[in-house]
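Take a look at the structure below.
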Amino acid sequence: MRGGKGGGLLVAGTTSDAGKSVVTAGICRWLVRKGLKVAPFKGQNMSLNSFVTREGAEIGRAQAMQAQAARVEPTALMNPVLLKPGGDRSSQVVLMGKPVGELSARGYHGGRQKELFEPVMACLEELRNTYDAVICEGAGSPAEINLRRTDIVNMGVARAAKLPVVVVGDIDRGGVFAQFFGTTALLSPEDQSLVAGYLVNKFRGDVSLLEPGLDMLYGLTGRRTFGVLPYAHGLGIDEEDGMGVPPGRAKSRPWGRVSLRGTVRESVVAPPVGADVLRVAVCAVPLMSNFTDVDALAAEPGVVVRFVDRPEELVDADLVVVPGTRGTVKALAWLRERGLADALARRAAEGRPVLGICGGFQALGERIEDEVESKAGVVDGLGLLPVRVRFGVEKTLARPVGEALGERVEGYEIHHGVADVRGGTPFLDGCRVGSVWGTHWHGSLESDGFRRAFLREVAAAAGRRFVPAPDTSFGALREEQLDRLGDLIEEHADTDALLRLIEEGAPAGLPFVPPGAP
Numbered sequence: 047m048r049g050g051k052g053g054g055l056l057v058a059g060t061t062s063d064a065g066k067s068v069v070t071a072g073i074c075r076w077l078v079r080k081g082l083k084v085a086p087f088k089g090q091n092m093s094l095n096s097f098v099t100r101e102g103a104e105i106g107r108a109q110a111m112q113a114q115a116a117r118v119e120p121t122a123l124m125n126p127v128l129l130k131p132g133g134d135r136s137s138q139v140v141l142m143g144k145p146v147g148e149l150s151a152r153g154y155h156g157g158r159q160k161e162l163f164e165p166v167m168a169c170l171e172e173l174r175n176t177y178d179a180v181i182c183e184g185a186g187s188p189a190e191i192n193l194r195r196t197d198i199v200n201m202g203v204a205r206a207a208k209l210p211v212v213v214v215g216d217i218d219r220g221g222v223f224a225q226f227f228g229t230t231a232l233l234s235p236e237d238q239s240l241v242a243g244y245l246v247n248k249f250r251g252d253v254s255l256l257e258p259g260l261d262m263l264y265g266l267t268g269r270r271t272f273g274v275l276p277y278a279h280g281l282g283i284d285e286e287d288g289m290g291v292p293p294g295r296a297k298s299r300p301w302g303r304v305s306l307r308g309t310v311r312e313s314v315v316a317p318p319v320g321a322d323v324l325r326v327a328v329c330a331v332p333l334m335s336n337f338t339d340v341d342a343l344a345a346e347p348g349v350v351v352r353f354v355d356r357p358e359e360l361v362d363a364d365l366v367v368v369p370g371t372r373g374t375v376k377a378l379a380w381l382r383e384r385g386l387a388d389a390l391a392r393r394a395a396e397g398r399p400v401l402g403i404c405g406g407f408q409a410l411g412e413r414i415e416d417e418v419e420s421k422a423g424v425v426d427g428l429g430l431l432p433v434r435v436r437f438g439v440e441k442t443l444a445r446p447v448g449e450a451l452g453e454r455v456e457g458y459e460i461h462h463g464v465a466d467v468r469g470g471t472p473f474l475d476g477c478r479v480g481s482v483w484g485t486h487w488h489g490s491l492e493s494d495g496f497r498r499a500f501l502r503e504v505a506a507a508a509g510r511r512f513v514p515a516p517d518t519s520f521g522a523l524r525e526e527q528l529d530r531l532g533d534l535i536e537e538h539a540d541t542d543a544l545l546r547l548i549e550e551g552a553p554a555g556l557p558f559v560p561p562g563a564p
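For the sequence shown, my numbering assigns the number 47 to the initial residue and increments by one for each residue that follows.
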């Protein structure tokens, strides 16, 4: 490696969701299988899906998953800046795993972002001094020319660290040649000198039909394509965010980019073990966070998970989950406006199962005092659990271990709300009343024994002849997915050329593609 320092690569994309996270994870898994010590890195992430490291730092879940792909423990070094949107065009800024304040987009890009460049680069430097290779993920597109001056995640990082760049494009969306060419042509000559080439993602069909276009792209840009990755159904990881709005839909209706990709496999789904399936409805609350909590439910044969936003969609559900949210008070108002609050109250009265996780747990309580997140003061909760919540300035970031339903449980906590539990049966850090359960613990359902015990309770309360599969291992399923990502890189990318890039940097003499940055 150059100068005794670990090699590196920046995986950029033509657009958001082009496949940067998947490619980064795949490269990490391929390299670690080659015997290299590798780490992921993303200087700045914007996501409501986060994770808590063992040292108590909050980072993006995608980087935690990429660390798992690299078979290393995730740390704050791998995602030094995390932005957590909170509505009203503002985000909480998390620096080195700890919240440091709320900023508007204008305030962040107007000055604060430049202040963060030095700590971002210091983290990357430390990783490169520790690992054989660091695979960096960009954000959005490197050709967002309005943001280039304050960039700390794309070409700003590549330039400062002299990293070669590979640009990923999603051909399934169409227009990938224009995206590759336009992305390159909108960069300055200095930035272009680091763009070594391209990776085509999500290709369906005969690669020989694509090759003439790749040859013409090389003629136009002087840059090669390092691989064509096929479209793989059910291939997924923990997404950064997954609730989108399709064209023509009202902005108030959360809708599905939620795919539960982390647990849906390409193979035939196993049939239920028992006579019945179990239907799970997840309330698609505003600013939903860590919706990956329900991935472990979707991994179970015979469990059907869907996201809902109307009370009638709860009628046939055997379990309703009120998930985490970055805006508990906003979520409460939304549940009431939609009629979901009344539907949840009816379920509780009928003894039908409801599970609240983190912000959802808070919403199920009696009262919330919030002068921190929404600054709404005292707000009535749904009153389904004997819990009162007061929001504190300090954020709880923890990796608790405990026991529930006779099984060991691991989880992680990310919340400002402090719960005062005043009754019910203890359940993790929360409580249970009848068939209503609440906890601040994210990730608890990934504990296989506990998940099976919980689903048996739900099935009994719902009157379903559902039986959890005795051998479903969520950890094994996730490892299977990460190996599939590594296989994609190993089988469909020019790994020799990628390894040269990582070790030696971008090749000299890459041609300039006009017009360049304006």
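From the three backbone atoms N, C-alpha and C, an ideal C-beta is built for every residue, glycine too.
Classified as exposed, T471 has fewer than 16 neighbouring CB atoms from the shown chains inside 10 Å of its CB. Here A224 is exposed. Its C-beta has fewer than 16 other C-beta atoms within 10 Å. In this chain, M124 is not harboured by any alpha helix (DSSP H), its DSSP state being neither H nor E.
The beta carbons of V433 and A465 sit closer together than 7 Å. Along the length of the segment 313 to 395, whole beta strand (DSSP E) runs at least 3 residues long occupy 324 to 329, 349 to 354, 365 to 368, reported in chain order. Rounded to the nearest whole angstrom, the C-alpha separation of G438 and P557 is 55 Å. By the CB criterion at 7 Å, L531 and R75 fall inside the cutoff. Judged by pairs of C-beta atoms under 8 Å, the segment 48 to 66 touches the segment 187 to 199, as three or more such pairs exist.
Here the alpha carbons of A330 and V354 stand approximately 6 Å from one another. By the neighbour-count criterion, in which a residue is buried when 16 or more other Cβ atoms sit within 10 angstroms of its Cβ, P210 is buried.
Under DSSP, M92 shares a beta bridge with L129.
The Cβ atoms of L275 and H538 lie closer than 7 Å to each other.
For G273, the closest C-alpha among the options L428, G265, M334, S254 is that of S254. Under the 10 Å beta carbon count, D542 is surrounded by fewer than 16 other beta carbons and is classified as exposed. Look at the beta carbons and you see the segment 246 to 253 touching the segment 200 to 218: at least three pairs across the two are nearer than 8 Å. Beta-bridge partners of H461 (DSSP): T442. One thing to note: V366 has its Cβ no nearer than 7 Å to the Cβ of A409. Secondary structure at D252: coil, using DSSP grouped into helix, strand and coil. Every alpha helix (DSSP H) stretch that sits fully inside the segment 168 to 235 and reaches 4 residues is listed by chain position as 201 to 207, 222 to 231. A direct Cα-to-Cα measurement between R398 and P332 gives close to 24 Å. Residue A422 holds the alpha-carbon nearest to the alpha-carbon of K376 among V400, D341, A422. Inter-residue distance for P120 and Q159 is about 23 Å (C-alpha atoms, whole angstroms). Spatial neighbours of L263 in its own chain (CB-CB distance under 8 Å, excluding positions within 5 residues in sequence) are listed in chain order as F223, F226, F227, Y244, R269, T271.
Of the residues V467, V504, G469, R498, the one whose Cα lies closest to the Cα of S481 is V504.
Distance from L474 to S490 at the Cβ level is roughly 6 Å; contact confirmed, criterion being Cβ atoms closer than 8 Å.
Contact between the segment 86 to 96 and the segment 168 to 184 is present, with at least three C-beta pairs closer than 8 Å.
For V447 and G457, the gap between their C-alpha atoms comes out near 6 Å. About 5 Å separates the CB atoms of G72 and L534; that is less than 8 Å, so the two are in contact. Secondary-structure assignment with DSSP links Q527 through no beta bridge to anything. Annotated three-state conformation of P564 is coil, per DSSP.
About 4 Å separates the beta carbon of Q90 from that of V199, a gap short enough to meet the 8 Å contact definition. No Cβ-Cβ contact shorter than 7 Å links E459 with T485. Within 10 angstroms of the beta-carbon of E104 lie 16 or more other beta-carbons, which makes it buried.
DSSP assignment within the segment 484 to 532 yields the following whole alpha helix (DSSP H) runs of 4 residues or more, N-terminal first: 494 to 508. Assigned with DSSP and collapsed to three states, Y264 falls in helix.
Around the Cβ of K208, a 10 Å sphere holds fewer than 16 other Cβ atoms; the residue is exposed.
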